[in-house]
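Enquirer:
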Amino acid sequence: SVVQSITDELSKARASLTATLSGTTSQQLRHTLAADLNNALEQLVVLCNTERLNQYLFGGAEASVAPYAVERDSQGNITRVTYQGSSEEQKVEVVQGLEMSALLVGDSLFGADGTRDLTFYGETGAAAGTGTSSIRGDVLLNIRESAGSYELSLDGEHWVAVTDANKTNVAVINPTTQEILYVDASNITAEGKIPVRAEGTFDMFSVLISARDLLYNTENLSDAQISKMMNDTVMLMQQVEEKVVRAFPIVGGRIQTLTSLRDSIEEMKLNTDDEISRLNDADITQVAIDLARYLLLYEMSLNVASKMFNLSLLDFLS
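Each residue of the sequence shown is one higher than the last, beginning at 9 in my numbering.
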């Protein structure tokens with residue numbers, strides 16, 4: 009099944025990533041594993057955009073449009089996967105009085121559903137602000153000194169200054185995604201690049217993207233940062249995999265019900281075909297003789313019954 013194939017891809021990806029935690033891994037091996045994760049990511053997108061009878065299985069009521077859209081970088085690597093299907097299932101009447109949905113909402117089955125707790129991987133002193141951040145997955149917080157204070161950025165181009173008025177809750181905005189990270193900058197003591205992870209916002213696509221990027225390490229993060237994030241990423245992958253496994257009863261239950269219904273209909277059709285065939289093959293003369301015999305027996309039964317009902321007590325005494 010499609011869900012089984014998705015689970016298999018996630019299991020293989022987690023096993024590959026776990027292998028990097030067992031000891032020192034060469035850069036070449038990391039890049040090889042990153043390429044494997046990239047291939048798994050591409051395959052997951054294909055699986056989640058599976059069509060049956062020209063309708064997407066996980067697009068819900070909007071089954072005519074591919075439910076998952078991808079964004080790519082200049083090298084063609086997937087950087088973001090977004091759900092664009094419907095939030096409602098598409099129900100159809102399979103028999104009179106019974107509606108079922110064979111087209112499910114992918115975002116409900118595979119999407120993130122946790123709390124947005126923030127983890128800062130670094131020693132600069134940056135921490136979560138009091139505002140509600142909207143970032144998803146992993147982002148990179150850039151910190152640089154400026155005029156005796158600091159400036160913060162999510163893309164390395166658009167910077168916001170830390171002031172006495174905002175230092176406990178600096179709103180750092182990514183202009184490309186419009187996501188906001190609220191930072192408590194009151195204890196920042198050093199420049200640097202700090203990975204920030206929004207726990208609970210990962211789906212199976214974003215966790216693979218994060219793992220792949222960590223293996224490539226294009227941002228030149230420290231070994232300590234990579235090690236800590238890798239361990240946390242393996243745990244995230246396990247959580248994502250467990251959620252996909254929980255989709256099995258949902259999808260399997262629908263399939264089992266539809267399969268049983270199909271079998272019942274096929275059995276009824278077979279019985280009907282047999283009866284039609286029997287009638288078509290019958291000898292008309294023999295049918296007429298049998299019918300006459302049945303009518304004669306019926307009339308005799310009626311006569312006997314009539315006489316029995318007309319008997320009186322005197323008939324028994326005579």
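Idealized CB from N, CA, C, for every residue including glycine.
Return the chain-ordered list of same chain residues with a C-beta closer than 6 angstroms to the C-beta of F317, the five sequence neighbours on each side being excluded.
Expert: With a pLDDT of 44 at F317, under the threshold of 50, the predicted position of this residue should be treated as unreliable, and no value is reported.
Enquirer: Using beta-carbon positions only, say whether S24 and L49 come within less than 8 angstroms of one another.
Expert: No, the Cβ-Cβ distance between S24 and L49 is not below 8 angstroms.
Enquirer: What do you get for D115, buried or exposed, if any count of 16 or more other CB atoms within 10 angstroms of its CB means buried?
Expert: D115 is buried by the Cβ-count criterion.
Enquirer: Per the contact definition of three or more C-beta pairs closer than 8 angstroms, is the segment 55-65 in contact with the segment 80-87?
Expert: Contact fails: fewer than three Cβ-Cβ distances are below 8 angstroms.
Enquirer: Could you check where the alpha helix (DSSP H) with S13 kicks off and where it finishes?
Expert: V10 to A27 is the span of the alpha helix (DSSP H), which, as asked, contains S13.
Enquirer: V242 and L18 - do their beta-carbons sit closer together than 8 angstroms?
Expert: Not closer than 8 angstroms, so no.
Enquirer: Mark V73 as exposed unless 16 or more other C-beta atoms lie within 10 angstroms of its C-beta, in which case mark it buried.
Expert: Classification for V73: exposed.
Enquirer: Identify whether Y129 lies in helix, strand or coil by the three-state DSSP scheme.
Expert: Coil, per DSSP.
Enquirer: What's the call for V204, buried or exposed, on a 16-neighbour Cβ count within 10 Å?
Expert: Its Cβ being crowded by 16 or more others within 10 Å, V204 is buried.
Enquirer: Suppose you measure from the CA of A296 to the CA of E70; what does that come to, to the nearest Å?
Expert: So the two alpha carbons sit approximately 59 angstroms from each other.
Enquirer: With a threshold of 8 angstroms on Cβ separation, who are the neighbours of T26 within its own chain once the five nearest residues in sequence on each side are excluded?
Expert: For T26, where only same-chain residues beyond five positions count, the Cβ hits under 8 angstroms are V242.
Enquirer: Does the segment 122-130 come into contact with the segment 206-215, if we say contact requires no fewer than three beta-carbon pairs (one atom in each stretch) closer than 8 angstroms?
Expert: Touching, yes, given that three or more Cβ pairs across the two stretches are closer than 8 angstroms.
Enquirer: Hey, how far is the Cα of E275 from the Cα of S285?
Expert: Between E275 and S285, the C-alpha separation is close to 15 angstroms.
Enquirer: Could you give the distance in angstroms between the alpha-carbon of V168 and the alpha-carbon of E159?
Expert: Going by the C-alpha atoms only, they are around 5 angstroms apart.
Enquirer: Can you give me the start and stop residues for the alpha helix (DSSP H) that I217 sits inside?
Expert: Per DSSP, I217 belongs to the alpha helix (DSSP H) from M212 to Y224.
Enquirer: What residues are listed by DSSP as bridge partners for R152?
Expert: Partner(s): E159.
Enquirer: How many Å lie between V147 and A155 at the Cα?
Expert: Near 25 angstroms, if we compare the C-alpha coordinates of A155 and V147.
Enquirer: Could you spell out where the beta strand (DSSP E) holding R329 opens and where it closes?
Expert: Because the chain is modelled from 9 through 326, residue 329 falls outside the range shown and cannot be assessed.
Enquirer: Can you say whether Q233 is buried or exposed, counting buried as having 16 or more other CB atoms within 10 angstroms of its CB?
Expert: With 16 or more other Cβ atoms within 10 Å, it is buried.
Enquirer: What residue range does the alpha helix (DSSP H) around E50 cover?
Expert: Here the alpha helix (DSSP H) through E50 covers Q35 to C56.
Enquirer: In chain order, what residues of the same chain have a beta carbon less than 6 angstroms from the beta carbon of K20, not counting five sequence neighbours either side?
Expert: Contacts found: none.
Enquirer: Pick helix, strand or coil for A206, following the three-state DSSP scheme.
Expert: Residue state, collapsed to three classes: strand.
Enquirer: Specify, as a first and last residue, the run of the beta strand (DSSP E) that D192 falls within.
Expert: First-last of the beta strand (DSSP E) with D192: I188 to D192.
Enquirer: Taking only the alpha-carbon atoms, compute the straight-line gap between D240 and R38 and give it to the nearest angstrom.
Expert: Looking at the two C-alpha atoms, the distance is approximately 17 angstroms.
Enquirer: For K201, which of S194, V178 and G164 has the nearest alpha-carbon?
Expert: For the residues S194, V178 and G164, the minimum Cα distance to K201 belongs to G164.
Enquirer: Straight-line CA distance for G137 to M237?
Expert: Spanning the two alpha carbons is a distance of roughly 21 angstroms.
Enquirer: Counting only the same chain and skipping the five closest in sequence on each side, list residues whose C-beta sits under 7 angstroms from that of M212.
Expert: Once the five neighbours on either side are set aside, the close Cβ partners of M212 are L18, L52, F118, V248 and V252.
Enquirer: Among residues of its own chain, excluding the 5 on either side of R22, which ones have a beta-carbon nearer than 8 angstroms to its beta-carbon?
Expert: These residues qualify, in order along the chain: V242, M245, Q246 and E249.
Enquirer: Is K236 helix, strand or coil when you go by DSSP?
Expert: If DSSP states are grouped into helix, strand and coil, K236 belongs with the helices.
Enquirer: Going by C-alpha distance, which of S94, Q35, L65 and E199 is nearest G130?
Expert: Comparing Cα-Cα distances from G130 to each of S94, Q35, L65 and E199, the minimum goes to E199.
Enquirer: Using only CA atoms, which one of S9, D281 and R301 lies nearest to R60?
Expert: Ranking the options by Cα distance to R60, first place goes to S9.
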